[in-house]
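Protein chains: 4
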Amino acid sequence: MSKIRMGMVGGGQGAFIGAVHRIAANIDGQIELVCGAFASNAEKSKASGRALYLNDDRVYPDYQTMFDSEAQLPAHQRMQFVAIVTPNHMHYPVAKAALEAGFHVLSDKPATLNLEEVKSLKKIVEKTGLLYGLTHTYSGYPLVKHAKDMIANGEIGQVRKVMVEYIQGWLSEPETEDNKQASWRTDPSRSGISGCMGDIGSHAAHLAEYISGKKITHVCAELSTFVKGRRLDDDGIVLLKMQDDVKGTLQASQISAGEENNLTIRIYGEKAGLEWRQQEPNSLAIKPLSGPMQILRTGLVNSESALASTRTPAGHPEGYLEAFANIYLNFAKAVADFEKGQTIDAQTYDFPSIADGLRGMALVQSFVDSSATDTKWFELSPLLAE
Amino acid sequence: MSKIRMGMVGGGQGAFIGAVHRIAANIDGQIELVCGAFASNAEKSKASGRALYLNDDRVYPDYQTMFDSEAQLPAHQRMQFVAIVTPNHMHYPVAKAALEAGFHVLSDKPATLNLEEVKSLKKIVEKTGLLYGLTHTYSGYPLVKHAKDMIANGEIGQVRKVMVEYIQGWLSEPETEDNKQASWRTDPSRSGISGCMGDIGSHAAHLAEYISGKKITHVCAELSTFVKGRRLDDDGIVLLKMQDDVKGTLQASQISAGEENNLTIRIYGEKAGLEWRQQEPNSLAIKPLSGPMQILRTGLVNSESALASTRTPAGHPEGYLEAFANIYLNFAKAVADFEKGQTIDAQTYDFPSIADGLRGMALVQSFVDSSATDTKWFELSPLLAE
Amino acid sequence: MSKIRMGMVGGGQGAFIGAVHRIAANIDGQIELVCGAFASNAEKSKASGRALYLNDDRVYPDYQTMFDSEAQLPAHQRMQFVAIVTPNHMHYPVAKAALEAGFHVLSDKPATLNLEEVKSLKKIVEKTGLLYGLTHTYSGYPLVKHAKDMIANGEIGQVRKVMVEYIQGWLSEPETEDNKQASWRTDPSRSGISGCMGDIGSHAAHLAEYISGKKITHVCAELSTFVKGRRLDDDGIVLLKMQDDVKGTLQASQISAGEENNLTIRIYGEKAGLEWRQQEPNSLAIKPLSGPMQILRTGLVNSESALASTRTPAGHPEGYLEAFANIYLNFAKAVADFEKGQTIDAQTYDFPSIADGLRGMALVQSFVDSSATDTKWFELSPLLAE
Amino acid sequence: MSKIRMGMVGGGQGAFIGAVHRIAANIDGQIELVCGAFASNAEKSKASGRALYLNDDRVYPDYQTMFDSEAQLPAHQRMQFVAIVTPNHMHYPVAKAALEAGFHVLSDKPATLNLEEVKSLKKIVEKTGLLYGLTHTYSGYPLVKHAKDMIANGEIGQVRKVMVEYIQGWLSEPETEDNKQASWRTDPSRSGISGCMGDIGSHAAHLAEYISGKKITHVCAELSTFVKGRRLDDDGIVLLKMQDDVKGTLQASQISAGEENNLTIRIYGEKAGLEWRQQEPNSLAIKPLSGPMQILRTGLVNSESALASTRTPAGHPEGYLEAFANIYLNFAKAVADFEKGQTIDAQTYDFPSIADGLRGMALVQSFVDSSATDTKWFELSPLLAE
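Protein chains in written order, with the working numbering: chain H, 227 to 612; chain U, 227 to 612; chain F, 227 to 612; chain X, 227 to 612.
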């Protein structure tokens, strides 16, 4: 038995999200980084690989070379899956190439640059039969999984309302070219049709659907660009209709001055409400119709999925990196079982799949389209049609 | 010099809000309750008056008798203003009668049952030249006043976003006739065209405009009735456009299980954000673009209006009753100065006026009308036209 | 039936605690201020009385004149009890004179300047048979009463630990003569043998005994004076032994920079812990051995004493002034019932009594004495002996 | 260049702290686990090694065999340091054997079972000249490092008071043999002379000295055993004198029902106070003498040591495992530099050293000794003498 072997595309020195993916892969000692094409520049890729203690011969100048070369290696040496951590516009071509070369894919979100690409990618995933995962990190938190289980078990009764918000302030001022993170995120050619809603609104939507178990069916969105000269939205406010007469709101913003990474969700059912805040992720407030509010805590809740996602006893706070690691851990288990010949269902293994990727792209498209019309309710289902 | 003399209509034994008004009037020792028509039933009115240590001859069987009788008393004995604390449908007739009998009015909100009445009332106020105040309590909190001053002084820069929510859970289940509070609030003939939005959505709207200094110009509302058989809305979610390109959301709910009286407002400007939560009203978070979040505290902030509304040193928490008392205190000052012949401007004396009453009724109407259309944005201004 | 008539000694213009006492007396409309000797200067007393809308003939130049004159008035006019709100050194002579003139006394704490005086005062109270109350405000909070009831009912099991702390920062720097509050509090001739421990340590001790139901039996104290030149302690840390093998700590400080009025108590029993923080007084955390922490809230707890001390529904925060008013309300009920000929027991009426006054003075003495010895445990009981 | 090679003693399947150490070592991809003696039972050790993907030939039946065998391997293969994660009584013999075999040691705390052993171990460390680190995890948090730097830079002025507490509730009931964690921690032969104070009181003391920069000089301790039949203390309360006239309190408890892992420290200086709570470790409250409280946040503070210990942007919470990893990261850097021939100073590399191990054992001894005497102040320095 050996660790699962991972390659990486993107994530060279100085990149933020690549380092996060590597930590997530490292934490549990189940995955080994064996190769990478870390930068579009071959020299930079090489230097990045050395800093990661890789042998030079497993560090490649570009992703196609990597897939070709790795495919030549003996089965017990070659990478088993690739982590894609490039800017958005490269997600599709890299994932496509990887799948076609026979490698599983774990991609940073969004799945692709636009709705057309994700529909194409979905077909490739289905055709190859390989595994495809998406790092909607926030669904990796133990108390998020517990909240999802509580609702599925009817513990808050029929769901009525969902209030989700993901607000940041770091784009309150015009981006400068120095700020690598800001510059590509606000460039339509690298980021896609939406800025804020694509970057973080999509996380909020995924979380709302994941926990509540209800899909969004209609949206009424108002997207804004508060910073002059910016080419994409930096704020969006949305009314939601969801399955089974659930109503809700979704708010995302990158111009909410002074906010860090404030993702908060509240869900109200007939019998109780619940509230979870990503910035203090080890508490989940349960507010029953009568009786006092209860504060559930990571390490003390008893749902199986939460326990399996927790590494330390209560009071030893876990955070974002552990949530991220839970996505990796679940995906790695799926890879291991796939190679033993088992059939893999993303929902059972609890990692976001290409279906989530499609919904995510359709939701972002719906926010943009709804914002452009003067009709109140915009229906999502036509966008999902193939 | 003597205390300001107050009469009261409504607020007999068992009523919630009448007792709150009396405490608010009592706290500072500037106002004396001298007479009342506490209930539509004369016996019950009498009993209520005795429990309040009033002489029987100043306790009246109905409001018209009270206004007539008090008007006969010598100037230094008769009441100077009346507090109206009846269910909504009586606000208009009582206020009208009081003003026409020569008495100032301090009314519980909403000003009237509907938009037509409030326009009529506004004319009566203007014709009589008497004082009219409205108890939008939440604007009475010291840190609310400080937040308003900070924004007016440009301390958070140009305002961009307003997020206000007022959520409760006490109407999550069908109301019973025993629950006096619930039953009239969900009865259109006593409560008006809206339930939740009229009752608390209007407070949220007033607070948003009060602090931000920006008026709502357009709304996009979705009102819901989650409890089967209820005749009025018990939940509303609204997108807002406000003056000067401000965008926002307003959410009100009475079916958010487990919530008590959760009125929260966040306002983001170009330079900083601020957040205030009514349930912990002695803290105001300021979130600058750079540098740490600061927690301002009642008793430590230095704006004049906040200091004048604070009775104790920092760390000795003040609350809802003191906020309410601040409305009374400001209104009583206005009455005293009016009687000295001064011209009174509600904004300077810092109490909600008939103009706020009109805006409130128009906003509630706009929520109801917007919810009924399939056009996204509903314009407020036509409703305000006389 | 009429309101209870109160006189006041001290509390002239500019005094902090006098105004607080008046608000506390006003809130519920059960007590009427009818007379006062507000300042040692007759002119200042007169001016203060006018600002309070009193007739000049009920405003007295000194307390002895007031007691003599009021005693001459017809029974239905004269004051029924006196509120004493002077600096500490005057508590004893004023209370003594009032009782000897036949008036009940509600005194600000501490009861007297020293242990000898309080023992004398206790005898006078017993001899006159009149009512004596002490404003240990913090026991007036509804959730404090609920916590006390929970423990008395065994809901947290046998008590094991008490952790109480009362920390402030306002004396972090040398006091100046301008700061009236600071200057008398650090002057032994007006404040007594202790500064910080007498002023606020005594509140902490009272609260610990009130809630836990266990008396302190031994102390091990270290008192400090951090600010150079100050004549009294400005900080104290104490180990406690209490009845029934309870252990604990008591900490009081006035040099804890940046703290406002942070009185916090935690009590741990065999089955659960509880935590209450005065600065957010409407929440009481219950932490059971197993199962989630619960947040009890003012207005939602069901103990009789808490409900009787609450004026508004949950989510409408009450605070310090309402807690203070609860002491007044209970004392006023006792006065009313006393005058109907009933026997009054302070514990049943739930107000701090002369017995609490004696314990308070003995505890402060024990802190001072313990701090001066090199023996670890100092026993309280000898100080309580008459 | 290659990763630092680590061996492990203890931490077989089912052990809690061993897994934590491995995660801490994994996170940053700088350290590779190459060998281990994971259990006293050879079969169990083997099975544990396989689960960790180690080759059987690097999994040893006992620690002495491991040190002997590894010492035979070529320099570029053999382990460079050993992590000791056994119960307390094995810390000393394993560390001694490792050092004598030429390996650096990173040990779980306490350094040894008793004061005598740690003095002996200190001599061995000095004699061998090898590196010795101790995992006082809580000093690994970025905001703890920032707090230390602020104080060292004089930002809160001269320190006056330290209040540290570490309270848990998990030993509120008698331990059973099933509870592996509880049973050895309350067994003097495996845990040492103290239960609670040795286990967590020592962490509290280390944190207090680390942040404040002041050493404890005298203690006045009261240790208790609340659970009948338990052989060691399960609670301790301590008054402290520290260098430069600092006073303080240290409280540790394992019978504080409902508490998880509540380590909280507050330090007050002449100019400001600060407060940090381990359970919400990404906020550090700064309370200046005047001006509002400020909430510093991980990722936004600018001290070099904090930034070097932070992996994600603000709002992406890091926790206990990352704090632990920071100790490993610093120790690994020291090992790498040692092997390059540099002189290593534990303080510069910022990891707890054998000197901290000695202080920790002396402090625990002082708590026990002080608790047994009736003299108030117990002096620490004689215990530190060699």
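Each residue gets a CB set at the ideal place from its N, CA and C atoms; glycine is no exception. The model shown is predicted, which means the values in this text are computed figures rather than measured ones.
Ranking F:S482, F:R492 and F:T451 by CA distance to the CA of F:S438 puts F:R492 first. In terms of Cβ geometry, U:L465 and U:C446 form a close pair [threshold 8 Å].
With fewer than 16 other Cβ atoms from the protein chains shown falling within 10 Å of its own Cβ, X:H302 counts as exposed. By the criterion of a C-beta distance shorter than 6 Å, F:L589 is surrounded in its chain by A431, once the five residues flanking it on both sides are discounted.
By the CB criterion at 8 Å, H:P368 and H:T599 fall outside the cutoff. Considering only beta carbons, the part of the stretch 436-450 of chain H lying closer than 7 Å to chain U consists of C446, E448 and S450, in chain order.
Between F:I230 and F:A549, the C-beta gap is not smaller than 8 Å, which leaves the two residues out of contact. Put simply, the CB of U:M468 is far from chain H, with every gap to its CB atoms at 8 Å or more. Across the structure, X:N488 and X:T402 are spaced so that their CA atoms are roughly 23 Å apart.
Taking a Cβ-Cβ cut-off of 8 Å, the neighbours of U:N252 in chain F comprise N252, I253, D254 and G255, given in sequence order. In this structure, U:V246 lies near U:L547, with their beta-carbon atoms less than 8 Å apart. If you compare the alpha carbons of F:A327, F:S271 and F:V308 with that of F:Q298, the shortest gap goes to F:A327. In summary, the residues of the stretch 569-603 of chain F whose CB is separated from some CB of chain X by less than 8 Å are T599, D600, T601, K602 and W603, in the order they occur in the chain. Using a Cβ-Cβ cut-off of 7 Å, F:Q306 is close to nothing in chain U; its nearest Cβ partner there is about 14 Å away. For the pair X:Y392 and U:N252, the Cα-to-Cα distance works out to about 46 Å.
At least one C-beta of chain U is nearer than 8 Å to the C-beta of X:R523. At a cut-off of 8 Å between C-beta atoms, F:M519 counts as an interface residue with respect to chain H. Under the Cβ criterion of 8 Å, U:A434 is not counted among the residues facing chain H. For U:N252, the enclosing alpha helix (DSSP H) stretches over residues F242 to N252.
For U:Q520, the uninterrupted beta strand (DSSP E) segment begins and ends at M519 to R523. When C-alpha distances from U:P319 are compared across U:H330, U:Y289 and U:L341, the shortest belongs to U:Y289.
Any Cβ of chain U closer than 8 Å to the Cβ of H:I481 would place that residue at the interface, and such an atom is present. Taking C-beta atoms as the reference points, X:K513 and F:A273 fail to come closer than 8 Å. Taking 8 Å as the Cβ-Cβ cut-off, the stretch 330-354 of chain H has no residue approaching chain F. The beta carbon of U:V311 sits closer than 6 Å to those of G236, G237, I243, G244, H247 and D334, all from its chain and outside the five residues before and after it, given in chain order. Apart from the 5 residues on each side of it in sequence, U:F293 sits with its Cβ closer than 7 Å to the Cβ of A323, A324, A327 and F329 in its chain, given in chain order.
Considering only X:R585, X:W502, X:Y364 and X:P539, the residue with the shortest C-alpha distance to X:M389 is X:W502.
Minimum Cα-Cα distance from H:K497 among the listed residues H:K387, H:N340, H:M227 and H:A241 corresponds to H:K387.
Under the three-state reduction of DSSP output, X:S428 falls in the helix class. If you check each beta-carbon in the stretch 531-563 of chain X against every beta-carbon of chain H, the ones closer than 8 Å belong to R537, T538, P539, A540, G541, H542, P543, E544, G545, Y546, L547 and E548. For H:V331, the enclosing beta strand (DSSP E) starts and ends at H330 to S333. Taking C-beta atoms as the reference points, X:M376 and U:I521 fail to come closer than 8 Å.
Note: H:Q477 is bridge-paired with H:E391 and H:I463 in the DSSP secondary-structure output.
Assignment of X:Y367 by DSSP, reduced to helix, strand and coil, places it in the coil class. As the crow flies, the alpha-carbon of U:Q256 is around 29 Å from that of F:A408. Below the 8 Å Cβ cutoff, chain F contributes no neighbours of U:V385, its closest Cβ being approximately 27 Å away.
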